[in-house]
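Step one of this worksheet: look at the structure below.
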Amino acid sequence: MKDPNREREKRKYEHPIASREAILTRMQEIAEPVSFKRLAKEIGIENRRDRESLKLRLRAMVRDGQIVGDRRNVYAIAGRLEMFAGQISAHPDGYGFLICDDDREDIFLTHRQMRAVFHGDRAMVRVRGRDRRGRDEGEIVDVLARNTTELVGRVYFENRIALLESLNKRIDHEILIENPTPEVSEGQIVVAEIVEQPHLHGLATVNIVSVLGEHLTPDMEVEIALRNHDIPFEFPDDVIAEVDALPFEVKPHAKRQREDLRELDFVTIDGADARDFDDAVYCEKRRGGYRLFVAIADVANYVKPGSDLDQEAYKRGTSVYFPQYVVPMLPEKLSNGLCSLNPEVDRLVMVCEMTLSDQGRIGSYQFYEGVIHSKERLTYTTVGEWIEQAEFPRHKESLSNLVSLAKTLIDGRGDRGALDFDTREVGFEFDDAGRVAAVGLIQRNFAHRLIEECMLCANVCAARLVSKSGLPGLYRVHEEPEAEKIAYLKEFLATFGIDLGQGKAEDYQFAIRALGEKQNSQILQIALLRSMQQAVYQAENRGHFGLGYSHYTHFTSPIRRYPDLLVHRLIKSLIHSDRDVKEVRRFGKSRLGSFYPYETETVITQGEHSSFTERRADEAVYEVLEWVKCDYLSDRVGDDFHGVISAVTKFGFFVQLEDVLVEGLVHVSTLTGDYYHFEAGEQSLVGERTNTAFGLGDLVSVQVASVDVDERKVDLELLTHSPIRRLRKSKSRDKRKKEGFRKSQNRHRGAASKKKGRRKKKR
């Protein structure tokens with residue numbers, strides 16, 4: 007049997023057999039379930055050793071959901087049997103979905119089916135029909151892999167039986183505590199290891215490992231988020247040993263065969279509380295343009311492919327930044343020491359040196375290994391003040407060149423189709439007890455934009471080099487919005503008299519400018535952001551819609567992002583090769599494979615994993631931020647706030663409170679004087695009798711009615727309402743009556759009451 011991946015298998019295994027792709031192709035040709043004996047014969051396996059290898063390969067293919075097998079060792083392609091493998095995504099209300107590996111439509115799983123799995127498990131699901139909403143509905147045939155090994159939850163008792171209520175919203179199961187000690191009491195928050203996983207006909211069982219306390223605190227909430235999302239937060243002993251063997255400073259021999267840039271006026275510009283410094287910048291004015299140097303910490307010099315340190319960094323994927331606490335991707339000796347571009351010390355760097363025209367267009371560029379000596383650690387606040395005052399007491403030449411170049415680059419964003427959203431971020435001040443004392447908006451200044459533009463230039467050059475190299479590498483990809491979401495957004499924007507056109511980048515630019523002229527434009531821009539796809543890491547370059555680039559990757563943060571480290575390794579492999587690549591500057595030679603031993607299949611997996619770890623970190627940080635905000639508001643029940651409607655649903659609307667950016671719900675049942683109907687296209691609740699509309703972007707004043715910190719829920723009561731003027735489609739009162747307003751509204755009230763009662767009972 008011909009196997010197009012034969013050479014790949016020979017490189018990976020001492021005794022190669024048919025690749026997965028070849029096995030699947032032959033099974034497709036056989037077109038029926040096939041026994042192990044026949045399959046071995048079909049793919050040319052004869053000896054005992056290869057038969058054992060085939061058994062292991064088929065077992066792995068079953069585990070990954072590519073095929074299914076039974077006790078008779080008969081195998082079939084999963085999709086042919088209407089069976090699909092994927093990852094379980096659980097909803098807080100108890101139902102869930104199978105996110106299929108082959109990108110087919112998600113399969114709905116009922117509450118009963120979800121009893122057999124936890125969120126994140128891998129399962130094989132058979133489609134058994136369609137539900138009332140026309141979605142594929144499935145039943146779990148097999149659990150391929152378990153994702154959860156321990157839980158954090160609150161102890162409660164029912165009929166003297168100790169149970170655990172998980173503090174992970176996506177785990178809605180009843181969980182039995184095995185052999186609880188007398189010290190275990192109602193309401194305790196504990197860490198528990200899973201003894202028996204859930205199944206259709208029985209509860210999951212756990213043993214208590216440790217007691218965290220009785221009341222949630224910010225520190226405890228961080229630990230819960232780390233455990234709920236399975237984020238590694240302690241470095242293994244072998245990793246610590248590997249790092250301990252590294253020096254505390256750059257040795258003289260390490261600086262050889264590098265470009266010596268220590269005389270140049272490099273500086274770092276970061277936030278006041280930053281501890282790891284990935285990047286330093288320097289800029290010269292040249293005839294007809296600029297020469298920009300972006301120096302990035304040479305992490306790849308210390309973290310070798312396949313080492314214990316590398317494997318741990320890959321597992322983490324990214325540093326995770328919580329309020330007052332950071333889970334670093336690399337141990338502090340590297341992240342805050344040897345790799346951090348601290349002032350007045352020599353540091354090894356990867357340099358992207360670029361020439362740019364007076365119009366900000368990138369001309370030539372080169373990457374090379376260098377050594378720098380940062381002259382100062384500056385903050386955004388300091389540099390921002392210097393820029394406002396047009397005075398630079400230090401580093402005047404380079405900083406003034408950087409400011410001039412950044413202004414040119416910012417002016418050119420619109421020309422290339424980049425989207426310029428006006429986003430806001432909230433910051434916290436904590437008291438000695440670790441609770442939030444104050445909440446406020448983080449102020450961004452021109453210094454932030456300056457560094458962003460420099461990093462964008464370096465990332466673009468890195469992406470161009472990855473593409474030119476012909477090597478499989480990771481890109482940062484942001485694809486165009488899907489047609490369905492464009493149509494939905496188009497209908498919404500039409501209510502403001504804005505035409506989205508075909509939903510291209512220039513149409514989004516026009517919409518952003520048009521919304522910018524309206525009140526509460528930042529909230530209205532949320533609708534544009536929600537319509538766009540999530541940026542991911544992948545081996546196939548498809549451009550970056552939001553930034554307006556045909557080629558883009560991440561190169562500038564290898565201390566805190568694993569994909570950047572991979573891009574560094576690819577560039578190093580070019581520097582240390584004998585290939586004729588004018589975009590790299592080299593000093594000596596090295597074997598190609600020692601820096602970048604990755605094939606396309608591996609890079610694809612690295613991209614998927616890096617995208618996953620990024621989402622995992624974002625979700626964990628979001629949960630903690632929401633808890634911190636609710637904890638802050640719990641002391642302000644009864645206080646009045648100004649805010650803006652940030653989302654509208656059938657059961658009410660959410661309000662983002664001014665200055666603190668906390669969201670709370672005004673439930674439809676608290677809106678008196680009318681029955682309200684949800685208009686999806688207009689993103690508004692419309693009164694049946696009065697025609698009053700509550701829509702996205704409307705100004706309101708509200709009172710904090712109640713706060714459930716554990717559930718991260720804030721209930722608000724409406725005080726005043728100032729609607730934005732909209733172009734609305736009229737709908738008759740009779741038609742609204744037919745749509746069953748009262749029935750829908752009462753159903754939402756009843757569901758909310760029922761759910762609240764169930765939670766109260768469990769506590």
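Residue numbers (this note's numbering): 7 to 769. Every residue gets a Cβ at the ideal spot worked out from N, C-alpha and C, and that includes glycine.
Drop a sphere of 10 angstroms on the beta-carbon of residue i, count the other beta-carbons inside from all chains shown, and report buried for 16 or more, exposed for fewer.
| i | result |
| --- | --- |
| M7 | exposed |
| T559 | buried |
| K635 | buried |
| Y568 | buried |
| E620 | buried |
| G701 | buried |
| D127 | buried |
| L447 | exposed |
| H117 | exposed |
| K783 | No answer is possible for residue 783: the residues shown for the chain start at 7 and end at 769. |
| F593 | exposed |
| A327 | The identity of residue 327 in the sequence shown is Tyr, whereas the question assumes Ala. Answer is exposed; the Cβ neighbour count stays below 16. |
| H557 | buried |
| F239 | exposed |
| G92 | buried |
| S370 | exposed |
| E248 | buried |
| Y628 | exposed |
| I167 | exposed |
| N174 | buried |
| F254 | exposed |
| A396 | exposed |
| E13 | exposed |
| G763 | The pLDDT assigned to G763 is 46, lower than 50, so where the model puts this residue is not dependable; a value taken from the coordinates is nonetheless given after this. That one is exposed. |
| V215 | exposed |
| Q751 | Its pLDDT being 47, under 50, Q751 is placed unreliably in this model, and the value from its coordinates should be taken loosely. Flag for Q751 reads buried. |
| Y604 | buried |
| A533 | buried |
| N234 | buried |
| D109 | exposed |
With distances taken between CB atoms, is the gap from residue i to residue j smaller than 9 Å?
| i | j | result |
| --- | --- | --- |
| L530 | F502 | yes |
| R622 | D236 | yes |
| V708 | L663 | yes |
| I83 | M120 | no |
| L60 | I49 | yes |
| H454 | Y386 | yes |
| N11 | E35 | no |
| D266 | Y331 | no |
For residue i, tell me which candidate among the options has the shortest Cα-Cα distance.
| i | options | result |
| --- | --- | --- |
| S579 | F241, F373, A24 and S95 | F373 |
| K656 | L677, D137 and Y682 | Y682 |
| A444 | L336, K43, L270 and L639 | L639 |
| D645 | E694, V710 and D680 | V710 |
| R55 | E265, P22, L45 and F254 | P22 |
| D107 | E220, E614, R422 and W633 | E614 |
| L553 | I504, C463 and S616 | C463 |
| L232 | H205, R264 and R322 | R322 |
| G277 | E458, S527, C345 and D417 | E458 |
| D352 | E338, S380 and P337 | S380 |
| E350 | E290, Y288, D271 and F163 | D271 |
| R293 | E382, V332, N407 and L499 | N407 |
| L722 | F660, T187 and R731 | F660 |
| G440 | S652, D637, P242 and R695 | D637 |
| E227 | V630, F114, S341 and H179 | V630 |
Since residue i and residue j are thought to touch, with beta carbons under 8 Å apart, how far apart are those beta carbons, to the nearest angstrom?
| i | j | result |
| --- | --- | --- |
| G102 | S95 | 6 Å |
| L354 | V273 | That pair is no contact at about 18 Å. |
| E359 | F299 | 5 Å |
| V305 | H574 | 7 Å |
| E546 | K474 | Incorrect: roughly 16 Å between the Cβ atoms, too far for contact. |
| V472 | I368 | 15 Å between Cβ atoms; not a contact. |
| P487 | Q539 | 6 Å |
Report yes if the C-beta of residue i is less than 8 Å from at least one heavy atom of the ligand GDP; otherwise report no.
| i | result |
| --- | --- |
| G701 | With respect to small molecules bound, the structure shown includes none, and the ligand GDP cannot be examined in it. |
So, does the region 185-202 touch the region 147-165, judging by three or more C-beta pairs under 8 Å?
yes
Evaluate the contact criterion for the region 428-445 versus the region 247-265: three or more CB pairs, one atom per stretch, below 8 Å.
no
Three or more beta-carbon pairs under 8 Å between the region 133-143 and the region 182-194, yes or no?
no
Kindly confirm or deny that the region 415-431 and the region 480-500 touch, where touching means at least three C-beta pairs closer than 8 Å.
no
For the region 60-76 against the region 139-151, do three or more pairs of beta-carbon atoms, one drawn from each stretch, fall closer than 8 Å, so that the two count as touching?
yes
On the three-pair Cβ rule with 8 Å, is the region 509-518 touching the region 490-501?
yes
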